[in-house]
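Quick note: to get the numbering used here, add 20 to the position in the first sequence (first position is 1). A short worksheet on the structure shown next.
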Amino acid sequence: MAKKRYWLVKSEEDVYPIDTLEADETTPWDGVRNYEARNLMRDEMKKGDLVLYYHSNANPPGVVGVARVASSPYPDPLQFDPESRYHDPKSSEEDPRWILVDLAFEEKFHRKVSLQEIKEHPELQDMVLVNRMRLSVQPVREKEFEVIVGMGCR
DNA sequence: GCCAACGTTGGC
DNA sequence: GCCAACGTTGGC
């Protein structure tokens, strides 16, 4: 089996917080409509990879726990649903445009690791989270993952 | 294939 | 709620 990789996903706290993921146990990571994020889910994420779970639009924003990639990639069903805000009329079942994976709850931190702490930590300066806005699925280095989990479990 | 207009993300 | 960043769309 390939070496495990690490990721970070953003979820709006008032839309799908980690407590809801914990209650659901597993959920399709639907509604992602950014090609770079899609490519990561489609091509790079592997079942069993660990994922930092970040609350955006929170006060303060930050990492609140860990999820796990729980499926192979498959088409986002919402793109075919005309009722959904994520409906994509340019996509088709034969040639689906939007691909996702399932995420499963892994653990909730004892405390939130805030964006501000991450920005201030010397070992986390190169994180995509710190350097780029607007990417809701992003890769994380093993060291960065360990540092943040260490902070959240302390 | 350029680029202005537009829409969304997401911190503050 | 504001607005900067920045990805996407569509006219040309």
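Beta carbons are placed, not taken as given, at the ideal position from N, Cα and C, and that holds for glycine.
In chain order, E164 place their CB closer than 6 Å to the CB of M147, counting only its own chain and leaving out the 5 sequence neighbours on each side. DSSP, read as helix, strand or coil, puts E32 in strand. If you ignore the 5 residues before and after S111, its C-beta comes within less than 6 Å of the C-beta of Q99 and R117, all in its own chain and listed in chain order. Per DSSP, F129 lies in no alpha helix (DSSP H); the unbroken beta strand (DSSP E) holding it starts and ends at D122 to S134. In chain order, V29, M61, L120, V121, D122, L123 and V157 place their CB closer than 8 Å to the CB of W49, counting only its own chain and leaving out the 5 sequence neighbours on each side.
For D63, the closest C-alpha among the options T46, P37, S91 and E113 is that of S91.
The Cβ atoms of Y26 and E162 lie closer than 8 Å to each other.
Closest in alpha carbon position to P95, among E103, A78, L70 and R58, is R58. By the beta-carbon neighbour count (other beta carbons within 10 angstroms, threshold 16), V35 is exposed.
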